[in-house]
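Sequence lines, in order, name chains P and F. Using our numbering, the first residue of the first sequence is number 14, and each one after it goes up by one. Using our numbering, the first residue of the second sequence is number 14, and each one after it goes up by one. In this text, a Cβ means the ideal position worked out from N, Cα and C, and glycines have one as well.
Protein chains: 2
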Amino acid sequence: MDTKTEIMDLAEQLIRSRGYNSFSYKDISSALNIKNAAIHYHFPAKHDLGKAIINRTRLRFAQHISEWKTASPTRQLEQFIATYEGANEKELICFMGSLGPSYKTLPESMQKELTAASFEIRSWIRIILKAGLADGSFSFNENLEEKSDAIITSLLASLIMNRVTGENILASIKSVIFTGLQREAL
Amino acid sequence: MDTKTEIMDLAEQLIRSRGYNSFSYKDISSALNIKNAAIHYHFPAKHDLGKAIINRTRLRFAQHISEWKTASPTRQLEQFIATYEGANEKELICFMGSLGPSYKTLPESMQKELTAASFEIRSWIRIILKAGLADGSFSFNENLEEKSDAIITSLLASLIMNRVTGENILASIKSVIFTGLQREAL
DNA sequence: GTCTATAGGGGGATAGAC
DNA sequence: GTCTATCCCCCTATAGAC
């Protein structure tokens, strides 16, 4: 693997485990047995690295939802939640949960990428919920946009709460999400 | 107001707007027209300040829920959500949303306080939901503990997403929470 | 593309005077 | 209880050799 990719992979891991403002070039250079200057060659400033990572995440998300496209709404939502489960196993939180809280401290280029990512994710979930309503696999009373945001916020924070509590909050949230998409027929 | 309280108030604001690792003693000393050494007198190490703030938040929460005690479950939950609305107006996120993501970077004393706080909040919401089920003001199909965690995670992350999106996600989440506590009678 | 060397600033923390 | 002065470490970033 080329150095640039290795740097990005490790930086992403560091961001999602410690936060953007809590990792340094030294963390990367020492782990990869290179020098800080080598990182600066690939990413002149730290925010260039940060921006590149968010952008790559956006591209990966676009690839994912494209691959999932033919599956049922339920299955697509399961696939989406599976990415959180994968993160959880690696003891990582999602990039939105890591970068969002420190939004105000981020350089503008990173803020823009992050905001763009948030709209892409939110609009995708809306589409999935709408499709589920249309084919009858989902049923709920809440406003569709609001329900969508309730789903992503609870997923985002579940990874954070997993750390703080030491419990598997994500599993609980997953259960609540699917129960909440099946309005009971009495 | 005494200096110690002023320091804590400002530090809390800084933590909840920028994060624990992204504020410095200089931010506080310059704003209060004192010197860094004065802060070190009251809080020898930064983590002493951090711990004190979390502990104060725990005490305040205990006071709040004690004051709310006689109100209906619905009203108590509204009061709780009102604290998020208050934070939102001041452009602050909750302390759990700020400190949780950087949990791994925090000194042990702060981690313990944070974890203790999480259990206090979660157990309170469980009590409220249970009371609401008992008196018939709430109705839902989900497991009570899981439903409780879904509520606090969505609230926590709504403040974060407000920043990233520039929208009022908290209002949406509030709406979804109350709708989700009224299972429809068909 | 990676290195050495270094600049320049900011961080938390402490000693001792007042 | 607050100050001045200072220490030491880590940070991001750049210049120039290889």
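ask   = For Leu-168/P, which of Ile-134/P, Asn-156/P, Asp-148/P has the nearest alpha-carbon?
value = For the residues Ile-134/P, Asn-156/P, Asp-148/P, the minimum Cα distance to Leu-168/P belongs to Ile-134/P.
Cut-off 7 angstroms between Cβ atoms - residues of its own chain near Ala-144/P, not counting five sequence neighbours on either side = Pro-86
message = Is Glu-158/F close to chain P? Criterion is C-beta to C-beta, closer than 8 angstroms.
response = yes
Runs of alpha helix (DSSP H) lying entirely within the segment 53-102 of chain P, each at least 4 residues, in chain order = 59-81, 86-102
Where Gly-179/F falls, given that 16 or more other Cβ within 10 Å makes a residue buried = The residue is exposed, with fewer than 16 neighbouring Cβ atoms inside 10 Å.
query = Asn-34/F CB to nearest chain P CB: under 8 angstroms?
reply = yes
query = Shorter than 8 angstroms from the beta carbon of Tyr-116/F to some beta carbon of chain P?
reply = yes
task = Tell me, please, which residues DSSP counts as bridged to Gln-195/P.
result = By DSSP's assignment, Gln-195/P forms a beta bridge with Ser-152/P.
query = On the three-pair Cβ rule with 8 angstroms, is the segment 119-132 of chain P touching the segment 26-42 of chain F?
reply = Contact between the segment 119-132 of chain P and the segment 26-42 of chain F is not established, with fewer than three Cβ pairs separated by less than 8 angstroms.
query = Quick one: does the C-beta of His-53/P sit closer than 7 angstroms to a heavy atom of the ligand FAD?
reply = The model depicted lacks the ligand FAD and carries no ligand whatsoever.
request  = At 9 angstroms on the CB atoms, spell out the chain P contacts of Met-174/F, in chain order.
outcome  = What Met-174/F touches in chain P: Met-109, Gly-113, Ser-131, Arg-135, Asp-162, Ile-165, Thr-166, Leu-169.
ask   = Does Asn-68/P come within less than 8 angstroms of chain F when only Cβ atoms are used?
value = no
ask   = So is Pro-114/P buried or exposed if we call it buried at 16+ other beta carbons inside 10 Å?
value = buried
ask   = Hey, would you say Ile-141/P sits closer than 8 angstroms to Gln-89/P, going by beta carbons?
value = The answer is yes: Cβ separation under 8 angstroms.
query = Can you name the start and end residues of the alpha helix (DSSP H) that Asp-4/F belongs to?
reply = The question about residue 4/F has no answer here: the residues shown for chain F are numbered 14 through 199.
task = Compare the C-alpha of Ser-43/P against each of Ala-58/P, Ala-24/P, Val-177/P, Asp-61/P and name the closest.
result = For Ser-43/P, the nearest C-alpha among the options comes from Ala-24/P.
ask   = How close, in whole Å, do the beta carbons of Thr-18/P and Ile-47/P come, if the pair is a contact with beta carbons under 8 angstroms?
value = Here Thr-18/P is actually not in contact with Ile-47/P; their C-beta atoms are around 13 angstroms apart, not less than 8 angstroms.
request  = State the CB to CB distance for the pair Ile-182/P and Leu-112/P, rounded to an integer number of angstroms; the pair is presumed to be in contact (CB under 8 angstroms).
outcome  = That pair is no contact at about 20 angstroms.
request  = For Ser-37/P, name the three-state secondary structure that DSSP assigns.
outcome  = coil
ask   = Is DSSP giving Ser-115/F helix, strand or coil here?
value = Here DSSP, grouped into helix, strand and coil, assigns Ser-115/F to coil.
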